[in-house]
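Let me begin by presenting the structure, written as structure tokens, before commenting on it.
Residue numbers (mature numbering (1 follows the signal peptide of the UniProt record, and there is no 0)): -29 to -1, 1 to 346.
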């Protein structure tokens, strides 16, 4: 009998050939999903891992007959983490007839795309961002999977307080993501009767940490919380270490990828990264054991970001199963909103007309000496 791992490995090889990004939707595709995300640029490492996790689940579904006999194809376009290009890509995908947009990346980019959802009556499922503006007020066509960034930042500050850290500095990207997430950090500081000893912002398009370091480190912080994405946060953390500071370095789950750790290099050890899914080695959670077996069978490493893609794909597929034998954008939206409580495998997700938030899971991990996340 063919083993699950052998099957998954063959599926992955087939997927690479069948779902190369940026191609037009072909006539044989039964159910086509569209993604615009930064496959190149500052967030490429995380985007590629999340996308590989989603494809892993789609491949397994397709191998067992698809959804009501229809196979799923994911068409991915590269927006280079640029909001204008994200809108252009989204319009192209919508015009080509995708049933849903899926697993895009970035708060400003998601905000730019949101008007298209209402205009074209198309769902966006699993945006890889936790901005509160995506949760409140509820957008009728947007369905979150991950918890809000504000919850992550608040939890990180509370943890630092619990381990005796008193002098906390914040470095944030100067955009809507940064302004959103920092509110959670402020909430955590207020709950622990603290204020930030320093609070600096950097330009999203052209990050330059040189001028920030003297002002930041003059306050002698014991911890520096970075709210930003990908290579910019790597540059900032390296600047802290290059200036001689041994402060605890902290960031949010949008950087919870193996690529982020690799980019940090020899300063990765000890960095704290918040998490919005169960520990990727916690096989007591059925969803993790399922994803871990699939990843091993395909020769992949299961990282927190791969888990995000896998779980988001599972949510989307469940919506498609409930949307009827010939699902439409409207029937998919209605199926998701009426999903109620759905057990993903040890964690529950739920939607209704007043709540499209998905999961509320938040945890913390630290990078160990081997370059792995540990909890």
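The beta-carbon is built from N, C-alpha and C at its ideal position, and this holds for glycine as well.
At a Cβ-Cβ threshold of 8 Å, residue 1 and residue 51 do not count as neighbours. The straight-line gap separating the alpha-carbon atoms of residue 88 and residue 4 is approximately 14 Å.
For residue 133, the number of other beta carbons within 10 angstroms of its own is below 16, and it is reported as exposed.
Within the model, the alpha-carbon separation for residue 321 versus residue 267 is close to 29 Å. Considering only 262, 216, 209, the residue with the shortest C-alpha distance to residue 236 is 209.
In the DSSP secondary-structure assignment, residue 334 is bridged to 246. A distance below 6 Å between beta-carbons, with the five flanking residues on each side excluded, links residue 230 to the following residues of its chain, in chain order: 16. Shown here, residue 228 sits in coil according to DSSP, grouped into three states, outside any helix or strand. The Cβ atoms of residue 140 and residue 167 lie closer than 8 Å to each other.
If the five residues before and after residue 216 are omitted, its C-beta is found closer than 8 Å to the C-beta atoms of 188, 192, 195, all from its own chain and listed in chain order. Residue state for residue 175 is assigned as coil, using DSSP reduced to three classes. Selection 23, 10, 39 evaluated against residue 289 yields 39 as nearest (Cα-Cα). Under the Cβ criterion (8 Å, minimum of three pairs), the stretch 97 to 114 does not count as touching the stretch 26 to 40. Here residue 110 carries a coil assignment [DSSP, helix/strand/coil]. Contact between the stretch 270 to 290 and the stretch 51 to 61 is absent: fewer than three C-beta pairs spanning the two stretches fall below 8 Å. Taken atom to atom, the span from the alpha-carbon of residue 130 to that of residue 211 is near 21 Å. In the DSSP annotation of this structure, the continuous segment of the alpha helix (DSSP H) that includes residue 89 starts and ends at 78 to 91. The continuous stretches of beta strand (DSSP E) do not include residue 39, and DSSP gives it neither H nor E. Between the beta-carbon of residue 198 and that of residue 160 there is about 13 Å, and that puts the pair past the 8 Å contact cut. Remark: C-beta atoms of residue 61 and residue 84 approach each other more closely than 8 Å. Contact between the stretch 254 to 263 and the stretch 65 to 77 is absent: fewer than three C-beta pairs spanning the two stretches fall below 8 Å. Proximity to residue 33 across 302, 284, 205, 309 peaks at 284, based on C-alpha coordinates. The beta carbons of residue 169 and residue 246 sit no closer together than 8 Å.
Under the three-state reduction of DSSP output, residue 328 falls in the strand class. In the DSSP secondary-structure assignment, residue 140 is bridged to 169, 195.
Residue nearest to residue 28 within the set 330, 343, 315 is 315 (criterion: CA-CA distance).
Where residue 9 is concerned, there is no enclosing beta strand (DSSP E), because DSSP gives it neither an H nor an E. In terms of Cβ geometry, residue 249 and residue 317 form a close pair [threshold 8 Å]. In this structure, residue 102 places its C-beta atom within 8 Å of the C-beta atom of residue 148. Between residue 121 and residue 151 a beta carbon distance of about 7 Å is seen, short of the 8 Å cut, so the two are scored as contacting. A straight line joining the alpha-carbon of residue 92 with that of residue 7 spans about 17 Å.
Contact check for residue 77 and residue 100: beta-carbon distance about 6 Å, within the 8 Å limit, so the pair qualifies. Setting aside the 5 residues that flank it on each side, residue 329 is surrounded in the same chain by 115, 116, 320, each with a C-beta closer than 6 Å to its C-beta; the list follows chain order. Here the alpha carbons of residue 18 and residue 11 stand approximately 9 Å from one another.
Using a Cβ distance threshold of 8 Å, residue 25 and residue 332 do not count as a contacting pair. Residue 341 counts as exposed, since fewer than 16 other C-beta atoms from the protein chains shown sit within 10 angstroms of its C-beta.
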